[in-house]
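Participant:
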Amino acid sequence: MGSTSLHPLLGHGEVLQGLWDAARSDRLPHALILRGPEGIGKYHAARWLAQGMLCEAGPGEPCLSCGPCRRVQAGSHPDLFLVDPPAVGQDRMTIHFIVTRENRPKSAYSGTSIEDFLRLRADEGGWRVVCLRDVDSMNDNAQNAFLKALEEPGENTLLLLTSARPDALLETIQSRTVSVDLSPLSQDDTLRILERDARGPGLEELSQRELLARWSLGAPGKAMKLAESGGVPMRSMIVDLVAGRLVPDEAGPAFWELDGEFPGKTPAAQRRTRAGALMDLALEWLLDGRRHAARVPAESLAHGDTLEPLGGVPAGELESCMDCILQARQDIALNLSPEILTERVLRALADLSGHCAAATRRS
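Positions 16 to 378 (our numbering) are the ones given, in order, by the sequence shown.
#1: Within the segment 61-142, note down every full alpha helix (DSSP H) run reaching 4 residues or more, in order along the chain.
#2: Applying the 10 Å Cβ sphere with the 16-neighbour rule, what's the burial state of Q158?
#3: Straight-line CA distance for T172 to D151?
#4: Answer with buried or exposed for Q345, where buried requires no fewer than 16 other C-beta atoms within 10 angstroms of its C-beta.
#5: For V311 and A330, what's the separation of their Cα atoms in angstroms?
#6: Would you please state the rounded distance, in angstroms, between the beta carbons of G104 and L197? I believe it to be under 8 Å.
#7: What is the DSSP secondary structure of R39, counted as helix, strand or coil?
#8: Give the DSSP-derived three-state secondary structure of D196 in the structure shown.
#9: Just checking my contact of F277 with S244 at CB under 8 Å: how many whole Å lie between their CB atoms?
#10: Given this structure, state the Cα-to-Cα distance separating E332 from A266, to the nearest angstrom.
#11: With 16 as the cutoff for other CB atoms within 10 Å, does I355 come out buried or exposed?
#12: State yes or no: is the C-beta of R143 within less than 9 Å of the C-beta of E166?
#13: Return the residue from the list D203, V254, Y124 that minimises the CA-CA distance to R229.
#14: What separation, rounded to the nearest whole angstrom, lies between the Cα atoms of L185 and R289?
#15: With a CB to CB cut of under 6 Å and the five nearest residues on each side skipped, what residues in its chain are close to V195?
#16: Which two residues bound the contiguous beta strand (DSSP E) that contains S178?
#17: One question on the structure: do L176 and L64 come within less than 9 Å of each other, judged by their Cβ atoms?
#18: Along the chain, where does the alpha helix (DSSP H) containing A309 start, and where does it finish?
#19: Thinking C-alpha only, which one of P282, S80, L200, D149 is nearest A107?
#20: Count the other CB atoms within 10 Å of the CB of A60; is the residue buried (16 or more) or exposed (fewer)?
#21: Inspect the CB distances between the segment 94-104 and the segment 120-132 and report whether three or more fall short of 8 Å.
#22: If you compare alpha carbons, which of G236, V262, S231, A269 is closest to P248?
#23: Return helix, strand or coil for L165, following the three-state DSSP convention.
#24: L49 lies in the alpha helix (DSSP H); which residues open and close that run?
#25: If you reduce the DSSP assignment to three classes, tell me which class L333 lands in.
#26: Can W300 and R224 be called in contact, C-beta distance under 9 Å?
#27: On a CA-only basis, which of A102, L21, H111, I110 is nearest G67? Give me that one, please.
#28: Compare the beta carbon distance of P263 and A365 with 9 Å and say whether it is the shorter of the two.
#29: Cβ of T357 within 9 Å of Cβ of V254?
#30: T205 lies in the alpha helix (DSSP H); which residues open and close that run?
#31: In the DSSP output, which residue or residues are listed as bridge partners for V145?
#32: Looking at the ligand GDP, does it come within less than 8 Å of D255, judged from the CB to the closest heavy atom?
#33: Who are the near neighbours of A72 in its chain, counting only those whose CB is closer than 6 Å to its CB and skipping five residues on each side?
#34: Can you give me the C-alpha to C-alpha distance between A283 and L349, rounded to a whole angstrom?
#35: State the Cα-Cα distance for the pair E272 and A179, rounded to the nearest angstrom.
#36: Leaving out the 5 sequence neighbours to the left and right, which residues in its chain are closer than 7 Å to R306 when beta-carbon positions are compared?
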């Protein structure tokens, strides 16, 4: 289930080496949760760790040339099970990924479950490994069903969970797993990954990749999503509104025509996703402005090179704008018109340009 061939890991190497060392000395817990910010390669690290457990020379850095490594790369190793809901067209990790149910909705996942996989013996006589992507997407029913696997995993079984929001998991799951914290990558490693893996609009030029490597703060997955969703021109639009170089009546039509991928099963859902992306980006940019006003150095901020238009905006007006955008973001989930909510956000951003200009005149 999910994607197969895997590039060698960049970043997180010391952490994984420590886990392979623990496995060689029989000290590796049977269930780990790899935690860290979104987009830093947690699931990639889990799969690389799994490949190193299954390698003929392992546990250790995968050799990529032995039979087990080739089978892992081909997606045909019988003792590795990948649970990656987005790769099979699912938004969440429902109970159907965990246990097999005869009665299920037609749209539900219908493949092999974790329960089915764990009933089997290790086909190649070594470890059995399950990698689960973004386990915080499980609802309570799925989490409760997963507890059995945590409590009775079977011999030589390793469960590798990943999460950017581990606090969303039931305490019973958190208490039965050992947390492994992963940090954002260096900017150099982020750029290397973008140069190696990234395809499509927004990543053709080195300058674009360098901008996104800085912007993502060590999260190449986030950088790729930003490129796919038109993040660079979208941010330029936000900056120009606050700087007074663009007005809402011009920004609105331009925003809805921006090239980008915005997931959703219907056109209406895709418009909501697009509007939500604008709101999230505007909030992120304004938060950086607030941090910079509190004397956080610009070079340490994702958007530090674009914050000049916020220099004269009073703190109270900045907070009011953020409150307006937060409310619009919440209203998106209530199925209110994304067009109306987007116009509200664009006007709130443009209003800051007036405060900025007034503050500049007073100075």
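C-beta atoms are modelled at their ideal positions from N, C-alpha and C, and glycine is treated no differently.
Facilitator: Answer, in terms of the structure:
#1: Counting only runs of at least 4 residues, the segment 61-142 fully encloses the following alpha helix (DSSP H) elements, listed from N- to C-terminal order: 82-89, 110-113, 129-133.
#2: The sequence position of residue 158 within the sequence shown is 143, counting from 1. Classification for Q158: buried.
#3: As a first step, residue 172 is located in the sequence shown; it is residue number 157 there, counting from the start. As a first step, residue 151 is located in the sequence shown; it is residue number 136 there, counting from the start. Near 21 Å, if we compare the C-alpha coordinates of D151 and T172.
#4: The residue given as residue 345 occupies position 330 in the sequence shown. So Q345 counts as exposed.
#5: In the sequence shown, the residue the question calls residue 311 occupies position 296. In the sequence shown, the residue the question calls residue 330 occupies position 315. In a straight line, the C-alpha of V311 is about 15 Å away from that of A330.
#6: The residue you call residue 104 lines up with position 89 of the sequence shown. The residue you call residue 197 lines up with position 182 of the sequence shown. Cβ atoms of G104 and L197 stay farther apart than 8 Å, at about 27 Å.
#7: Counting from one through the sequence shown, the residue named residue 39 turns up at place 24. Judged by DSSP in its simplified three-state form, R39 adopts helix.
#8: The residue you call residue 196 lines up with position 181 of the sequence shown. In the three-state reduction of the DSSP assignment, D196 falls in the strand class.
#9: Position 262 of the sequence shown, counting from 1, holds the residue named residue 277. Position 229 of the sequence shown, counting from 1, holds the residue named residue 244. Yes, F277 and S244 are in contact; Cβ-Cβ is about 6 Å, under 8 Å.
#10: On the sequence shown, position 317 is the one that residue 332 refers to. On the sequence shown, position 251 is the one that residue 266 refers to. Using only the alpha carbons, I get a separation of about 21 Å.
#11: Reading the sequence shown from its first residue, position 340 is the one you call residue 355. I355 comes out exposed.
#12: For this step, residue 143 is matched to residue 128 along the sequence shown. For this step, residue 166 is matched to residue 151 along the sequence shown. Taking 9 Å as the Cβ cut-off, R143 and E166 do not qualify as a contacting pair.
#13: Residue numbering aside, residue 229 sits at position 214 when the sequence shown is read from its first letter. For R229, the nearest C-alpha among the options comes from D203.
#14: What you label residue 185 is simply residue 170 of the sequence shown in a count that begins at 1. What you label residue 289 is simply residue 274 of the sequence shown in a count that begins at 1. Using only the alpha carbons, I get a separation of about 31 Å.
#15: Taking the sequence shown and counting its residues from 1, one reaches residue 195 at position 180. Excluding residues within five positions, the ones whose Cβ falls inside 6 Å are L47, L49.
#16: The count along the sequence shown starts at 1 and reaches residue 178 at position 163. S178 -> beta strand (DSSP E) spans 172-178.
#17: Along the sequence shown, read from residue 1 onward, the residue named residue 176 stands at position 161. Along the sequence shown, read from residue 1 onward, the residue named residue 64 stands at position 49. Cβ atoms of L176 and L64: not closer than 9 Å.
#18: Here residue 309 corresponds to residue number 294 of the sequence shown, with the count starting at 1. Segment: none, A309 is in no alpha helix (DSSP H) and carries neither H nor E.
#19: Indexing the sequence shown from 1 puts residue 107 at position 92. The identity of residue 107 in the sequence shown is Arg, whereas the question assumes Ala. Between R107 and the set P282, S80, L200, D149, the nearest pair of CA atoms involves D149.
#20: On the sequence shown, residue 60 is found 45 positions in, with the first residue counted as 1. Burial call: buried.
#21: The segment 94-104 is in contact with the segment 120-132.
#22: Indexing the sequence shown from 1 puts residue 248 at position 233. The option with the nearest alpha carbon to P248 is A269.
#23: In the sequence shown, the residue the question calls residue 165 occupies position 150. In this structure, L165 counts as helix in the three-state DSSP scheme.
#24: Counted from its first residue, the sequence shown places residue 49 at position 34. For L49, there is no enclosing alpha helix (DSSP H); the enclosing beta strand (DSSP E) has its first and last residue at 46-50.
#25: Here the question's residue 333 lines up with position 318 in the sequence shown. If DSSP states are grouped into helix, strand and coil, L333 belongs with the helices.
#26: Sequence index remark: in the sequence shown, residue 300 carries index 285 (1-based). Sequence index remark: in the sequence shown, residue 224 carries index 209 (1-based). Between W300 and R224, the CB-CB gap reaches or exceeds 9 Å.
#27: For the purposes of this step, residue 67 is taken as residue 52 along the sequence shown, with counting starting at 1. Minimum Cα distance to G67 is reached at L21.
#28: Locating residue 263 in the sequence shown gives position 248, where the first residue counts as 1. Locating residue 365 in the sequence shown gives position 350, where the first residue counts as 1. Going by C-beta atoms, P263 is nearer than 9 Å to A365.
#29: The residue given as residue 357 occupies position 342 in the sequence shown. The residue given as residue 254 occupies position 239 in the sequence shown. V254 sits away from T357, with the two beta carbons spaced by 9 Å or more.
#30: Here residue 205 is taken as the residue at index 190 of the sequence shown, counted from 1. 202-212 is the span of the alpha helix (DSSP H), which, as asked, contains T205.
#31: In the sequence shown, the residue the question calls residue 145 occupies position 130. DSSP, once it has assigned bridges, lists F96, L174 as partnering V145.
#32: With respect to the ligand GDP, the structure shown offers nothing to examine, as it has no ligands at all.
#33: Residue mapping note: residue 72 aligns to position 57 of the sequence shown, counting from 1. So the list reads C78, once near-sequence residues are dropped.
#34: Here residue 283 corresponds to residue number 268 of the sequence shown, with the count starting at 1. Here residue 349 corresponds to residue number 334 of the sequence shown, with the count starting at 1. In a straight line, the C-alpha of A283 is about 13 Å away from that of L349.
#35: Position 257 of the sequence shown, counted from the first residue, corresponds to residue 272. Position 164 of the sequence shown, counted from the first residue, corresponds to residue 179. Each residue's Cα considered, the two are about 31 Å apart.
#36: On the sequence shown, residue 306 is found 291 positions in, with the first residue counted as 1. Excluding sequence neighbours, R306 sits near L316.
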